[in-house]
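Notes follow the structure.
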Amino acid sequence: MNTTFVLLLNLLYLLLITESISLEAVPSNSIAVNANVRCIEIERVALQKFRKGLKDPFSRLSSWVGQDCCNWEGIGCNNQTSNVVKLDLGRRAPKYILEKNGW
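Under mature numbering (1 follows the signal peptide of the UniProt record, and there is no 0), the residues of the sequence shown are numbered -20 to -1, 1 to 83, in order.
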């Protein structure tokens, strides 16, 4: 099995078992993006392992450093439990291209 796929499955498993949060049941107003929420260590470690299996030629995951994964680009945390509840790896142009074109 593909290593990235296995890591993604492990991350999803951790998200589901940690305090039994259902991804479908998390209201959008309870998701903190770049707020004063600290991520849970086991979830941060899982995200770092997951990242190692990804190719990131445009360094879109360059913010994935430090102890607080809730402040990483593409990551959203529940502002009450600090669990990671959002993982957005959507294709985007690198930030410098967007800024250069005024987007």
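Glycine is no exception: its CB is placed at the ideal position from the N, C-alpha and C atoms.
Find the nearest neighbour of residue 42 within the set 48, 53, 66, judged by alpha-carbon distance.
53
Taking 8 Å as the cut-off, decide whether the C-beta atoms of residue 64 and residue 19 are in contact.
yes
Where residue 32 and residue 60 are concerned, what is the direct C-alpha to C-alpha distance, given to the nearest angstrom?
28 Å
What would DSSP say about residue 19, mapped onto helix, strand or coil?
coil
Give me the Cα-Cα distance between residue -19 and residue 62, rounded to the nearest whole angstrom.
29 Å
Short check: CB of residue 34 to CB of residue -10, under 8 Å?
Not closer than 8 Å, so no.
Roughly how many angstroms separate the alpha carbons of residue 25 and residue -16, rounded to a whole number?
16 Å
Which partner residues does residue 64 have in the DSSP bridge list?
Per DSSP, 57.
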